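Student:
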Amino acid sequence: MELWIKNIFDPQFSDIDEIAQKKIGKVHAHLGIPINLVLKGAILLKTELGTCLMQEMHDPLQLSDAILFSCNRIDKAMALMSASYISDTKKNVQEAEAYRAMSFGQNLATEREGQLVALMEWSQSFLFALITHENILPSLSGSALGLWLRHRAAILFGGTPQLVELTNKTTQFDQDFLSKAQIINSETQQAFTIRFQQAVDEIKSLLSDLFKNNDKTTEGVDPLTTLLNRRFLSAILSREISIAVHARMPLSVIVLNIDNFSEINKNLGSPAGDSAIKQVAEYLQKTTRPSDFLFRYNHEEFLLVLVEMNTEGAIQLGKRIKSDIQNKTFYTADLTSINIHLSIGVSSYDGHPDHNFLIKCAIENLKNDII
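In the UniProt record's numbering, the protein residues as written are 1 to 371.
(1) Buried or exposed for Phe157, going by 16 or more other Cβ atoms inside 10 Å?
(2) Determine the direct distance from the alpha carbon of Thr170 to that of Pro138, and round the result to whole angstroms.
(3) Count the CB pairs spanning the region 327–344 and the region 303–314 that are closer than 8 Å, and state whether there are at least three.
(4) Tell me, to the nearest whole angstrom, how far the beta carbon of Arg296 is from that of Ala276; I am working on the premise that it is less than 8 Å.
(5) Which two residues bound the contiguous beta strand (DSSP E) that contains Ile359?
(6) Quick one: residues in its chain with C-beta nearer than 7 Å to the C-beta of Thr225, no 5 flanking neighbours on either side, listed in chain order?
(7) Looking at the secondary structure, which residues open and close the alpha helix (DSSP H) in which Met50 lies?
(8) Are the CB atoms of Leu358 and Phe302 within a distance shorter than 7 Å?
(9) What is the rounded straight-line gap between the Cα of Ser14 and the Cα of Ile35?
(10) For the region 241–275, which segments carrying the beta strand (DSSP E) assignment without a break, of at least 3 residues, lie completely within its bounds, in sequence order?
(11) Would DSSP call Gly313 helix, strand or coil?
(12) Looking at the unbroken alpha helix (DSSP H) that takes in Gly146, where does it start and where does it end?
(13) For a test of the three-state rule: what should DSSP assign to Arg239, helix, strand or coil?
(14) Thinking C-alpha only, which one of Phe192, Ile258 and Thr110 is nearest Asp369?
(15) Answer yes or no: do Tyr331 and Ala244 have a C-beta to C-beta separation smaller than 7 Å?
(16) Could you name the residues that DSSP lists as bridge partners for Thr329?
(17) State the Cα-Cα distance for the pair Leu251 and Ser242, rounded to the nearest angstrom.
(18) For Val38, tell me which candidate among Ser82, Lys6, Ser64 and Met57 has the shortest Cα-Cα distance.
(19) Phe295 lies in the beta strand (DSSP E); which residues open and close that run?
(20) Between the region 173–185 and the region 136–152, are three or more C-beta pairs nearer than 8 Å?
(21) So the candidates are Ile321, Cys71, Thr336 and Asn298; which of them puts its Cα closest to the Cα of Gly269?
(22) Closest to Ser205 by C-alpha separation, out of Gln326, Cys71 and Gln115, would be which residue?
(23) If you reduce the DSSP assignment to three classes, tell me which class Leu227 lands in.
(24) Do you know offhand how far Gln182's Cα is from Phe192's?
(25) Here's the rule I'm using: 16 or more other beta-carbon atoms within 10 Å means buried, otherwise exposed. How should Met78 be labelled?
(26) Helix, strand or coil: how does DSSP classify Gly345 here?
(27) Straight-line CA distance for Ile325 to Ala20?
(28) Nearest to Asp292 by CA position, among Leu233, Lys6 and Asp59, is which residue?
(29) So is the beta-carbon of Ser348 under 6 Å away from any non-hydrogen atom of the ligand NAD?
(30) Based on DSSP bridge pairs, tell me the residues matched to Glu187.
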């Protein structure tokens, strides 16, 4: 705040730095700071500044000019910040809606089945832990389905009643069953298991309802890999940073580059290069969690947004991806072998408000070959 005040009243400049004020507005939008709160702060600032000026200046004409000048400077800065804030917020909303529509155009039947399988696998692991009397039972909110609900589903289905009900049921499930499971005995176990299965069936039904009556479009998908393109990166990453801040959860990104892509293209032709990109994308889709976001960032470069994953977890995943791909032999359509070499950079959210900073750090680590 002190630096901002010094900048807008800097005597070296005859006018306000418009670019700087617009950037601040974008930062506020990325952080999710309500615009009314910013404007309220400006009112308090002008009031306090006016009081200070009246204490220091006794000439009415000079005082009037000083207050008018100060208010004009602050108001102009607020106008620039607000316009940028509204523009950036509107863009993020539009991109989120476009991503939602695009995702509905993908094979949602496959995604639906994937989440139903995740629910089944979690329920089986819960019952197994219950039967074997393990001290720690797996929570539904901490499962692969829980992650998917908090991140991808929240964008895909917005605030629909089905999603709200499903999210509430997930939270209620953990509250009810995790505590009761600790005190059951041989006499109450059968009744508990029946209630458990009924609750799981209810969640399964709500999950199925989420995928009904959806629009279809393929805009925003890379045609070669079927991964997301960069169009939705800003909206998604801004939203995930907001979630990470408010929920105090980690967030990491991995940038992955095919180092010998030019060599593959030169020696084997562009179809082989396309095949290499496509097969790496297929591997990444199988390796990452359904709650994560995969992008084809540049031509031979990929970007992974890893929700609720800290630096250590992201580094371990990056090492595994690099090792798996470099130790595997890929093949073109005519069965020509391809060996792929990677550079990988990892970065984790550290509080910086600009999501581009997170990506830049990962790219720098990639250039320095940290992994």
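From the three backbone atoms N, C-alpha and C, an ideal C-beta is built for every residue, glycine too.
The structure presented is a predicted model; accordingly, all values stated were derived computationally and were not measured.
Tutor: To lay it out plainly:
(1) buried
(2) 13 Å
(3) no
(4) The pair is not a contact, with the Cβ atoms about 13 Å apart (cut-off 8 Å).
(5) Element bounds for Ile359: not the beta strand (DSSP E) but the alpha helix (DSSP H), His355 to Lys367.
(6) Ile277, Lys278, Ala281 and Arg296
(7) The identity of residue 50 in the sequence shown is Gly, whereas the question assumes Met. Segment Ile35 to Glu56, the alpha helix (DSSP H) holding Gly50.
(8) no
(9) 27 Å
(10) 251–258
(11) helix
(12) Ala144 to Arg150
(13) helix
(14) Ile258
(15) no
(16) Asn339
(17) 10 Å
(18) Ser82
(19) Phe293 to Asn298
(20) yes
(21) Thr336
(22) Gln115
(23) coil
(24) 11 Å
(25) buried
(26) strand
(27) 43 Å
(28) Leu233
(29) With respect to the ligand NAD, the structure shown offers nothing to examine, as it has no ligands at all.
(30) Per DSSP, none; premise fails for Glu187.
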